Each structure stands twice: as structure tokens, then as C-alpha cells.
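Each remark here refers to the structure printed beneath this line.
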Amino acid sequence: MAAGAPRIFVSHLAGVAAFDPNGDQVGRVRDLVVMLRVGRRPPRLLGLVVELATRRRIFLPMTRVTSIESGQVITTGVLNVRRFEQRPTERLVFGELLDRRVTLVETGEEVTVLDLSVHQLPARREWEIDKVYVRKGGKSGAFRRAKGESLTVEWSAVTGFSAEEKGQGAESLLATFEQLRPADLANVLHHLSPKRRAEVAAALDDDRLADVLEELPEDDQIEILGKLKEERAADVLEAMDPDDAADLLSELPEDDQERLLSLMQPADAADMRRLMAYEEHTAGGLMTTEPIILRPDATVADALARVRNPDLSPALAAQVYVCRPPDETPTGKYLGTVHFQRLLRDPPYTLVSSLVDEALEPLEPDAALPVVAGFFATYDMVAAPVVDESGSLLGVVTVDDVLDHMLPEDWRETEFHLDEGVTAHGS
């Protein structure tokens, strides 16, 4: 559902078919998974529970839903078929929120929840529940059809749902820190007790936990990963930036590495193995394998559309890399780099192949850390291409990865300062 499209009531999603981009049905929607928040803030819609033809129920993240329209759900086609397991901070809409008795804030009157509506936030990939359709009078369950006035209200107009009413513990703590940046939440986790740290990590969704793990010291990363089920640990590694995931895997015993790699998607596992083959403090060991890669016939408009992806870090969005097919690393022949500012100066129809910075020499994969740092200092860059002997683009080193490896190991301890009033409760 594009931003600005009419809201969708969840009752209309029950049992609808989910299709891949080719039009093949992959399953049917059986529930929606949301995360409640502290206070009266609308819940985030995390994803859908989809039942496959085999009767297995899997979790489909909203990041893999491209559209919801005409009674059908279209997915990216990339599905994780592991069985769905509900986490502590998650609520099932059909199973737990509908037919629930809640209270209208303004009048204190008890009402029954008949339906909820969801919408996609403008210019973002996040979804929220925004409206609640309720009926006054009667009871839930068998008495749901009792006559009474029905009305649609804002989520904030009712109480009885919020995470704070579920008591203290990891869920309440997690909701409290929801707005923290990953680096700040990592600092909070670092100062919690091991037991509470494991509880909070278990309650985070895969993408959020992946972002936080990337900001944690190595010992904390290993500790948290070791307390997750192996299937989930593999999912979290897949959600991490490839270079960070490879660094973490490299610190594990070889048997653990192989078990986790065997549980990952083959393409992700191949990236991990390739990165782990390089020495840690080289360009190959520092690079990520997922830069923005475009073919020579792509236009400035194509490039800007890719740069707008909100999931990209600022460093990766700062430039695009023009290569001959294949478009994934290792690519065909690397032709050059186009800087974001140059994209802004030329008409949308201009071919990116005519804008490449031909004076910029790429890094070799075995370039040592001082050489890589010198490259950034010399050219005032925030990302640098890594190209092998055959001329293929292998990946990109970003300035944050260089800094991570040049700072003292305890820099998180000495340099992190949370905003006043944020503390690590429950340690």
C-alpha cells in the first residue's frame, strides 16, 4: 500500500492469498504481528503470519511485502520458511487484539474491539495500526453481536492495549528504549546484567537486534548470539551488514561457524565465506558486499531511486558503482564510481556511465588498514570501491568500518554518553 492510499482494515486481510512477483501463490494470511509500545503510541506492524500449502505457518516481514491491494498480498518472493514463533514483545492481531474489551479514554466506557486498520507511514517502510473500530455495550466473544453503537477512533483514544500494562520486565524495558539509536541501545545492553541482556535481545526483532549487535563489543556479540536458537542466530546474521556478520562469525569456533552458515540462505552464506577468507585488517576484510551497483545504461533517475532507499547507511548512499553484469558482487568489469553530488547536478535521463569519476583509483582487496585510511584522508571519501585483479568490484569499504578498526578496543566504554535521563534499568 503506497503512502497516501486508503487505510486497510485487518479483517479484510484474513485468509487473503500472498503471491510472489511472478504471480505464484505462496500461501494465505492467517494473522498479523504487531509490537505494542509504551503509552498510547500506535503499534508497529512487524509482519504477517502466512500459512503455506504444507500448513506450516511462517513469518513474512513487512519489509518483504511490496503491496496490499485488491484482496491480495504481493511479496518480494524471498521467504524464510522456518516455522513462526511468537516473541515476548509481539502480539497477534486476530488471536489477541480483536474481540478484546478496552476502555475509551474520554468517557471511561468499556467497548469491544471489532476491527483495526493499518497504514504505511509516508516516505518510510514502516507500518502502524492507526484506527480502532469498536462497539459500545455488550460483551466480547459470544455476545459480540449485541446491539450497540459502533464507531472508529484513533488508537490513542482507547486504553487497555499498551505494553506498559503488561508489567515490568524485558518487554517494558524494551518499549522504554524503542526510540534509541542502535548505538545507544547497544550501550544500554552492554551495561545490563547478562540475564536481562539475553531477555531484551530475545525480544528484539531480527533487524533491530542485527543493528544493535553491529554496535556492541565483540564479547557481548558472542554472548548474545550464543544464547539464541541456532535458526534465529542465522536469521540475525543474515540481517547484519555482511562485513560485520563475517567479523562476528570469524570469532566463533569453526564447528559453530559451519552450523550457522549451513542454516543461512546460500547467497548470504557465500558472501560470508568470501569475506572471511580475507585478513581482518585489509580492504577485503573490511568491505561490505552490498553497495549500489548499476549497469552502464542506467540513468541518473535510476541511481537516485536506489539512493533513496531508507535502509541504506549514509556512507553507502553517498555514491553508486557502475559495472558490467552481473550486478551482484563480484561483478563484471568495474567501470567507475559516481558521487551523489554529481547525480544531483545532471538531468535525470543522463547515463551514469558518462558521469564516472575516472581519476579515482579503487582499492585492492589485500590493501592494509593504513593504506585504506590514507585513501579516505587523501580523497575525502566516505566509501571506497574494492576491485580485484580481473577488474571485478568485490565490495565497498565505508569510513565507519575503518574507524571501528582504528579506535581502541574500549572506545565504546570511554566515548559513549547517553542523553540525560536515560539509564539502564533492571541490571
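Residue numbers for the sequence shown, in full-length UniProt numbering: 1 to 427. Heads up, the beta-carbon is just placed ideally off N, CA and C, and yes, glycines get one too. Just so we're clear, the structure is a prediction, and the values are computed from it rather than from any experiment.
Around the beta carbon of R135, 16 or more other beta carbons sit within 10 angstroms, so the residue counts as buried. T54 is positioned such that its CB atom lies no closer than 7 Å to that of R64. Residue range 150-154 is occupied by the beta strand (DSSP E) that includes E154, with no alpha helix (DSSP H) assigned at that position. G336 is classed as buried because its beta carbon has at least 16 other beta carbons within 10 Å across all chains shown. One Cα belongs to P408, the other to I222, and the distance between them is close to 19 Å. Between the region 287-297 and the region 320-332 there are three or more inter-stretch CB-CB distances shorter than 8 Å, so the stretches are counted as touching. Within the model, the alpha-carbon separation for D244 versus E109 is close to 51 Å. Counting along the chain, D401 sits inside the alpha helix (DSSP H) bounded by residues 399-406. For K195, the enclosing alpha helix (DSSP H) stretches over residues 194-203. If you draw a straight line from the Cα of R101 to the Cα of G71, it comes to about 28 Å.
Distance from L316 to V372 at the Cβ level is roughly 16 Å; contact not present, criterion being Cβ atoms closer than 8 Å. Look at V212 here: in three-state DSSP terms it is helix.
D271 carries a helical assignment under DSSP once its states are collapsed to helix, strand and coil. The beta-carbon distance between Y334 and T299, rounded to whole angstroms, is 19 Å. This is too long to meet the 8 Å contact definition.
When C-alpha distances from R83 are compared across L48, Y133, D115, the shortest belongs to L48. Following the DSSP letters along the chain, one finds P385 inside the beta strand (DSSP E) bounded by residues 383-387.
As computed with DSSP, G395 is found in a beta bridge with V386. Its chain contains L363, P365, A367, V372, V386, V397 as the residues whose beta carbon lies nearer than 6 Å to that of A283, once the 5 sequence neighbours on both sides are disregarded; these appear in chain order. Look at H190 here: in three-state DSSP terms it is helix.
Contact check between the region 175-195 and the region 210-218: three or more CB pairs, one atom from each, fall below 8 Å, which counts as touching. In the DSSP assignment, D219 falls within the alpha helix (DSSP H) that extends over 218-226. Collapsing the DSSP output to three states places L304 in a helix. Annotated as proximal: D31 and L92, with beta-carbon spacing under 7 Å. F340 and F375 have their C-alpha atoms roughly 19 Å apart. Beyond the five residues adjoining it in sequence on each side, A186 comes within less than 6 Å, by CB distance, of V212, E215, L216 in the same chain, given in chain order.
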